[in-house]
Amino acid sequence: MRTKAGVCGSILLAALWACGIASSRARAAGEPAAAQLPEGYDQIVADYLSGNWEILEKSIAPTNKSLNKLTSSQNLDIKYIRESLAECRPPWWKLCKANQEINFRPSIWGKTMIASFDPGAKNNLNINFTNGQASMTFMWAPQDMDNPAEAEHGFSKGDLCDLGIWQLIGSAEALAIVPLQQQVNLADAAKLKLQRYMDFNGNFTGIYYATPKARRWGLWLDCAGYLNKYAALATVNSRKALGSMFLAEVVANRAKYPSIKLSETLPDDKIEENLCLALKNWIEKNPWTLAEDRRIRDEIKAFGASNQKDLLQTNRVRMPNGLMMSLDPAADGANQPARDDWLKKMLESREK
Numbered sequence: 007m008r009t010k011a012g013v014c015g016s017i018l019l020a021a022l023w024a025c026g027i028a029s030s031r032a033r034a035a036g037e038p039a040a041a042q043l044p045e046g047y048d049q050i051v052a053d054y055l056s057g058n059w060e061i062l063e064k065s066i067a068p069t070n071k072s073l074n075k076l077t078s079s080q081n082l083d084i085k086y087i088r089e090s091l092a093e094c095r096p097p098w099w100k101l102c103k104a105n106q107e108i109n110f111r112p113s114i115w116g117k118t119m120i121a122s123f124d125p126g127a128k129n130n131l132n133i134n135f136t137n138g139q140a141s142m143t144f145m146w147a148p149q150d151m152d153n154p155a156e157a158e159h160g161f162s163k164g165d166l167c168d169l170g171i172w173q174l175i176g177s178a179e180a181l182a183i184v185p186l187q188q189q190v191n192l193a194d195a196a197k198l199k200l201q202r203y204m205d206f207n208g209n210f211t212g213i214y215y216a217t218p219k220a221r222r223w224g225l226w227l228d229c230a231g232y233l234n235k236y237a238a239l240a241t242v243n244s245r246k247a248l249g250s251m252f253l254a255e256v257v258a259n260r261a262k263y264p265s266i267k268l269s270e271t272l273p274d275d276k277i278e279e280n281l282c283l284a285l286k287n288w289i290e291k292n293p294w295t296l297a298e299d300r301r302i303r304d305e306i307k308a309f310g311a312s313n314q315k316d317l318l319q320t321n322r323v324r325m326p327n328g329l330m331m332s333l334d335p336a337a338d339g340a341n342q343p344a345r346d347d348w349l350k351k352m353l354e355s356r357e358k
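To convert, take the position in the sequence shown, counting from 1, and add 6; that gives the working numbering.
This is the structure we're talking about:
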């Protein structure tokens, strides 16, 4: 039996909107001045945080003798950057970027998929099932990969493409594990559940595997999900769930995020919404440090993994603070007040 499904969720499309490149490397790094660090370390961190990963391949190589001057803690940072680069820039990346039609095996969350890349189309995914085995054809514009062209919101076309690629792969992996009989002849409500499930998985996968700058763009989009213009979007809570989680993570662990500035004024109402929108504005203009980026990445991974059981059936996610959000916007009304109350209590306790 062979079934073909074309998938390109609203969040995936949103993640491929154009935007502009960051400012200077030093500003993107958020690290101390070069004179205070061994030669090479500060630039490596800056290149990592600003997404200059082709440069990183050379600077983190063992042939870089300046790495011999690093402290043990700095060496651990370089080890983490190497691991991140290997995980998030696999060998197939350059082949796709070279505008080649290839067969490849993308791996996420310890699972490997059978896939091909079609450079002749843009931002889409086809999934075929043959005898129950899923194979994917991914489509995106190779000229956008790592493209530094400026657009808007302080991010680049490459940042947008990077996030979108991993979101597509995350959505595909989520769908591939759903039994075929649960994907065909679905009623509208079931189709929406499936799309929300895929969008949520694509969203947190994209944020984890993307470059740090593209990760910032992803979280900007998640917080922007609270804008009124997205209110009618049936899948918007697949985005807002990550924005809410990120806000709660920062509020609960202020000492872990010294660079991230929250609003000093507690909103009178719609606390989660207003704080997420304020956080969106901060993300657009400001970087964070390597330690902050690493913690965000780890927490996003844990959040996604903890919400896999029954997610397709329930369309409900549990925040790290134990509170709930429904991926169905119409069903989330009962959960929203509890999240607002928690934020209010946390922020009021900070002021005392």
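Each residue gets a CB set at the ideal place from its N, CA and C atoms; glycine is no exception.
Where does the unbroken beta strand (DSSP E) through residue i begin, and where does it stop?
i: Asn243; result: From DSSP, Asn243 is part of no beta strand (DSSP E) but of the alpha helix (DSSP H) over 242–258.
i: Thr136; result: 130–136
i: Ser332; result: 330–332
i: Ile108; result: 108–110
i: Arg324; result: 322–324
My guess is that residue i and residue j are in contact by the Cβ rule of under 8 Å, so how many angstroms apart are they, rounded?
i: Gly57; j: Ala220; result: 7 Å
i: Arg245; j: Asn287; result: That pair is no contact at about 17 Å.
i: Ser312; j: Arg324; result: 7 Å
i: Ile277; j: Asp346; result: 4 Å
i: Thr217; j: Trp98; result: So it is not a contact: roughly 16 Å between Cβ atoms.
i: Ser269; j: Trp294; result: In fact, because the Cβ distance is near 17 Å, the residues do not count as touching under 8 Å.
i: Leu200; j: Gln189; result: 7 Å
i: Leu317; j: Leu281; result: Not confirmed; about 25 Å, so no contact.
i: Gly116; j: Trp172; result: With 8 Å as the limit, Gly116 and Trp172 do not qualify as a contact, their Cβ atoms being about 15 Å apart.
i: Lys103; j: Pro148; result: 5 Å
i: Asp338; j: Asn243; result: 6 Å
Cβ of residue i within 8 Å of Cβ of residue j?
i: Lys350; j: Leu233; result: no
i: Met119; j: Asn132; result: no
i: Met5; j: Leu169; result: With the chain represented from 7 up to 358, any question about residue 5 goes unanswered, as that position is not in the structure.
i: Asn129; j: Met145; result: yes
i: Ser177; j: Asn207; result: yes
i: Glu63; j: Ile114; result: no
i: Asn109; j: Ser122; result: yes
i: Pro326; j: Phe309; result: yes
i: Leu329; j: Ala344; result: yes
i: Leu248; j: Asp275; result: no
i: Arg111; j: Tyr214; result: no
i: Leu76; j: Ile84; result: yes
i: Trp223; j: Leu166; result: yes
i: Arg300; j: Tyr54; result: no
i: Gly46; j: Ser72; result: yes
Which partner residues of residue i appear in the DSSP bridge assignment?
i: Asp124; result: Met145
i: Gln188; result: Answer is none; Gln188 lacks a bridge partner.
i: Ala178; result: Paired residue(s): none; Ala178 is not in a bridge.
i: Ala155; result: Answer is none; Ala155 lacks a bridge partner.
Need the endpoints of the alpha helix (DSSP H) that residue i sits in, please.
i: Asn363; result: Only positions 7 to 358 of the chain appear in the structure, and residue 363 is not among them; the question remains open.
i: Arg221; result: 218–230
i: Phe309; result: 296–312
i: Ser56; result: 47–56
i: Tyr263; result: Here Tyr263 belongs to no alpha helix (DSSP H), and DSSP marks it neither H nor E.
i: Trp6; result: Residue 6 is absent from the model: the chain starts at 7 and stops at 358.
i: Asn81; result: 78–94
i: Lys103; result: 98–103
i: Lys64; result: 59–65
If you measure from the beta carbon of residue i to each beta carbon in chain D, is any gap under 8 Å?
i: Trp98; result: Chain labels in this structure do not include chain D; a single protein chain is all it has.
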